[in-house]
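Below is one structure, written out as structure tokens; comments come after it.
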Amino acid sequence: MEKIDYGLKFLRDVLKVESLHFGYWDNGVPTTLANLRLAQVKYIDHLIKFIPEGVSSILDVGCGTGVVADRLVNKGYKVLCISPDVYQEKIFKERLNIPFRLTKFEDFDTDSKYDLILMCESMQYLDLDKTFAKCREILNPKGYILTSDYFRKVNTNYYKTCYVEETFLKKSEQYGFHVIKHEDITENVVPTLEFAKNIYKDYALPVAEIFSGYINQEYPGVAKVGGFLLGNKLKKLHKYIYTHTEEKLDTKKFAQFVKYGIYLLGDAT
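Take 1017 as the starting number for the sequence shown in the numbering used here and just add one per residue.
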């Protein structure tokens, strides 16, 4: 069974934000919902500037709701989107006339070749060896990888689900890719965390506390049985909500240990 990205579903259905990715903020802009939407548009515009001349066909890996792909199509690129998320597939069928395949990248089977493979905050979820091998398989000669993502500066437990930048770059070189162009945009994206922190404190925490209190008050039996059956999982969830999330949204710590970069990789041969 394919998983649903509930974070994206919350943003789109509740906050009416089309994308889960970071925004690109100018200095001093207030971190409001309206400005987040504008910052995400600016993020896409900035990312597209990295696409080299001569690129025609693009594979969008982990395409989200298709807002990046939609902009690319409007600029004349031929785009195919892939994602293992059934919610994203539903969005594509309902509102976009862009080709979509429900699949993981490592399982993607095609006879087509692409000029550029785009990975907008999706590299961190992929196995590096399988990813670069697949890129070699389906890229045209002298093709490109364009990835925008956050990477750990050193090997720490903070944001441990994303790759250490040095590991990512060394692995890319093993498969014959080198950095053609790179930009560190950490300073421009961290206000997104400030916005997320406000949503977390103003909405997520109160809702979690209200829901927990309601279940304990109205259905004490269910609460006890649930606590017995799901004890460890509930403890982990409690720790994630009340400790881990707040730490991840710490803008100073993020800037200290994490780097958000855009990387255009090309053929080293």
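Backbone N, C-alpha and C define an ideal beta-carbon position, used for all residues, glycine too.
Reference Y1166, options A1149, S1138, Y1191, closest by Cα | Looking only at A1149, S1138, Y1191, the smallest Cα-Cα distance to Y1166 is reached by S1138.
Length at least 4, wholly inside the stretch 1160–1197: the alpha helix (DSSP H) runs in chain order | For the stretch 1160–1197, whole alpha helix (DSSP H) runs of length 4 or above, ordered along the chain, are 1181–1190.
To which residues does DSSP link G1282 through a beta bridge?
-> The partner list for G1282 (beta bridge, DSSP) reads H1194.
Rounded distance between the beta-carbons of K1268 and E1181, thought under 8 Å | No, E1181 and K1268 are not in contact; Cβ-Cβ is about 19 Å, not under 8 Å.
Complete alpha helix (DSSP H) runs within the stretch 1040–1127 (minimum length 4 residues, chain order) = If only complete runs of 4 or more residues are kept, the stretch 1040–1127 shows the alpha helix (DSSP H) at 1049–1064, 1083–1090, 1102–1111, in order along the chain.
Just the C-alpha distance for N1051 and V1170, rounded to the nearest angstrom, thanks.
-> Distance between N1051 and V1170, taken at the CA atoms: about 32 Å.
Could you give the DSSP three-state label for E1210: helix, strand or coil?
-> Here DSSP, grouped into helix, strand and coil, assigns E1210 to helix.
Okay, do the stretch 1145–1158 and the stretch 1092–1104 touch, 3+ Cβ pairs below 8 Å being the bar?
-> Taking 8 Å as the limit for Cβ pairs, the verdict is that the stretch 1092–1104 does not touch the stretch 1145–1158.
Please name the residue, chosen from I1064, K1187, K1058, that lies closest to D1143 on a Cα-to-Cα basis.
-> If we check each option's Cα against that of D1143, K1187 comes out closest.
Could you check the C-alpha separation between L1054 and T1047 for me, to the nearest Å?
-> Rounded to the nearest angstrom, the two C-alpha atoms are 11 Å apart.
Among Y1174, L1118, S1073, K1106, which residue has its Cα nearest to the Cα of E1263?
-> Comparing Cα positions, the closest option is Y1174.
What residues in its chain sit with their C-beta under 6 Å from that of K1120, if we drop five residues either side in the sequence?
-> Counting only Cβ-Cβ distances below 6 Å, and skipping sequence neighbours, we find P1100.
Taking C-alpha atoms, which residue in H1198, I1196, S1164, G1192 lies nearest to Y1059?
-> Closest by alpha carbon: S1164.
As assigned by DSSP and simplified to three states, the class of E1199 = Strand, per DSSP.
Would you mind reading off the limits of the alpha helix (DSSP H) that contains D1145?
-> Here the alpha helix (DSSP H) through D1145 covers 1144–1154.
Do A1271 and V1205 have their C-beta atoms within less than 7 Å of each other?
-> No, they are not a contact pair.
Quick one: Cα of L1246 to Cα of L1265, how far?
-> For L1246, the predicted structure reports a pLDDT of 38, less than 50, and the residue's modelled location is therefore unreliable. A value from the coordinates is still provided. So the alpha carbons of these two residues sit roughly 27 Å apart.
According to DSSP, is K1129 helix, strand or coil?
-> In this structure, K1129 counts as coil in the three-state DSSP scheme.
If we count the other Cβ atoms within 10 Å of its Cβ and call it buried at 16 or more, is G1070 buried or exposed?
-> Answer is exposed; the Cβ neighbour count stays below 16.
Those residues which DSSP pairs with L1265 across a bridge | Bridge partners of L1265: none, in fact.
Can you tell me the Cα-Cα spacing of Y1130 and P1115, whole angstroms?
-> The straight-line gap from Cα to Cα measures roughly 14 Å.
E1105 and L1118 closer than 7 Å at C-beta | A Cβ-Cβ contact shorter than 7 Å links E1105 with L1118.
With 16 other Cβ atoms within 10 Å as the buried cut-off, status of K1065 = Classification of K1065: exposed, given that the 10 Å Cβ count is below 16.
Those residues which DSSP pairs with Y1276 across a bridge = Under the DSSP definition of a beta bridge, Y1276 partners with Y1166.
Quick one: Cα of K1213 to Cα of D1127, how far?
-> Those two C-alpha atoms are separated by around 44 Å.
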